[in-house]
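Note that UniProt numbering numbers the sequence shown so that position 346 is 346, with each residue one more than the last.
Cβ atoms here follow ideal geometry from the backbone N, Cα and C, with glycine treated the same way.
It should be emphasised that the depicted structure is a prediction, and the values quoted were computed from it without experimental measurement.
These notes concern the structure reproduced below.
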Amino acid sequence: MTSGGDAQGMNAAVRAIVRAGIHAGVEVFAVQEGWQGAIEGGEQIVQLNWSDVSGILPKGGTMIGTARSPEFRTREGQLTAVENLIERGIDRLIVIGGDGSLSGSRELCLAWPGLVQELVAAGRLTPEAAAAHPRVAIVGLVGSIDNDMVGTDMTIGTDSALHRITDAIDAISSTAESHRRTFIVEVMGRRCGYLALMSAIAGGADYTFLPESPPRDGWEDRMVDVLGRGRAAGRRDSVIVVAEGAADRDGEPITAERVQQVLLDRTGEEARITILGHVQRGGTPSAYDRWMATACGVEAVHQVLDAGETDEPMLVGMRRDHVVSVPLLQAVEDTHRVADYIAEGDFDAAIEARGVGFTT
Ligand code: F6P
């Protein structure tokens, strides 16, 4: 299953999982359209064979569809999903998704025995079917361009998105140079500034705003000063990268429009805004996202087939270019801790807890 926002490289993971599963001698099914597909059941759950995943490696998005499912958060949604999965004999699941999808999957895993009992009591499941599927084994792969999950150095899609953003900044720089203009580029990353920080470094930007590191008071003057000094040194363009979740220390969003207004008020310059939007999430995956998703997909199959009845759901990811697995609960809790620190205004703790990419 792929769930939540799509990400380049999800297809590589799907292909690896299908083929590693078949190689291990099991039947592999796709639950299409994420958890929503599990709730809908029927034709949304399809068996995939070796050739069904041919040719998808270089394609962006996910061939099995994805969705954000509000219904899955309800008890009835979860009951129906479990009912449909058991009906198809499915009790081992690999979920490729972001933080929300993976924490939801873990909750379902814990709730599974109770949901099964409730289905039997309601006459929706036979006691025999319930006895044959007392638990579900879940393994998660992180598919999200944001790189916002603690427990893996990189999430599937991040590298491709970073390439796309860097290409865009290069393109913007050339037109900005011609006109001696300032551009403000807004990039994705709701709660994580990885894409903004790394693209600012890779694209040689002048200034960046990140959710984990809100600027101290007086940032407006400092930003104008930095840009001014660049121009005085002969630079013809200025580029500012703003993460979509950036805010100041009072929690007021720092949007591209706000930065534009600051520049207009203080320098009289009419800076241009480029919001990259979903272009960052679409298109062909990078080589890294293809091989990384493939390696993690194969490991996820091993993990899910080896899982015992009481095993904690695991997350498969990358640490220092090695495929690793960590408890899903730990990864989800650590990820939420970063968000809590940001909400509390403890930004040093947030950066420390985020780990990768932010240590200097
Ligand atoms: O979580 C991935 C992400 O691309 C975020 O960076 C962005 O804020 C969000 O998804 C956009 O979601 P949607 O595609 O539902 O508009």
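DSSP on residue i, reduced to helix/strand/coil?
i: Ala168; result: helix
i: Ile351; result: helix
i: Gly97; result: strand
i: Val136; result: coil
i: Pro211; result: coil
i: Ala247; result: strand
i: Pro327; result: strand
i: Ile254; result: coil
i: Ser105; result: helix
i: Gly345; result: coil
i: Val239; result: strand
i: Val142; result: strand
Output yes or no for whether 8 Å exceeds the beta carbon distance between residue i and residue j.
i: Ser325; j: Met318; result: no
i: Ala38; j: Asn84; result: yes
i: Asp248; j: Tyr194; result: no
i: Ala343; j: Glu212; result: no
i: Thr208; j: Ala196; result: yes
i: Met63; j: Val14; result: yes
i: Val116; j: Ala132; result: no
i: Ile240; j: Ile184; result: yes
i: Asp237; j: Ala176; result: yes
i: Glu87; j: Gln36; result: no
i: Gln335; j: Met198; result: This sequence places Thr at residue 335; Gln is not what is there. Contact: no.
Who are the near neighbours of residue i in its chain, counting only those whose CB is closer than 8 Å to its CB and skipping five residues on each side?
i: Leu93; result: Met1, Val31, Leu85, Ser105, Val136, Ala137, Ile138, Val139 and Val304
Let's see if you can read the secondary structure: which residues bound the alpha helix (DSSP H) around residue i?
i: His302; result: Ala287 to Asp306
i: Met198; result: Tyr194 to Ala202
i: Ala232; result: Trp219 to Ala232
i: Ile275; result: First-last for Ile275: Arg272 to Ile275, but that is the beta strand (DSSP E), not the alpha helix (DSSP H).
i: Val14; result: Met10 to His23
i: Ile86; result: Arg75 to Glu87
i: Gln280; result: Taken as a continuous stretch (DSSP letters only), Gln280 belongs to no alpha helix (DSSP H), as it is neither H nor E.
Can you give me the Cβ contacts of residue i inside the same chain, cut-off strictly under 6 Å, excluding the 5 residues immediately before and after it?
i: Gly21; result: Val28 and Val301
i: Glu128; result: none
Apart from the five residues on each side of it in sequence, which residues of its chain come closer than 7 Å, Cβ to Cβ, to residue i?
i: Val226; result: Asp206 and Tyr207
i: Gly245; result: Gly189, Arg190, Arg191 and Pro211
What is the residue span of the beta strand (DSSP E) that residue i lies within?
i: Glu186; result: Thr182 to Val187
i: Arg319; result: Met314 to Arg319
i: Ala30; result: Phe29 to Val31
Decide yes or no for the touch test of the region 161–175 against the region 280–298: beta carbon pairs closer than 8 Å, at least 3 of them. These segments touch.
When the Cβ atoms of the region 265–284 are set against those of the region 70–79, are three or more pairs found closer than 8 Å? No, they do not touch.
Validate contact between the region 42–49 and the region 259–269 using beta carbons, cut 8 Å, 3 pairs: Too few Cβ pairs lie closer than 8 Å, so no.
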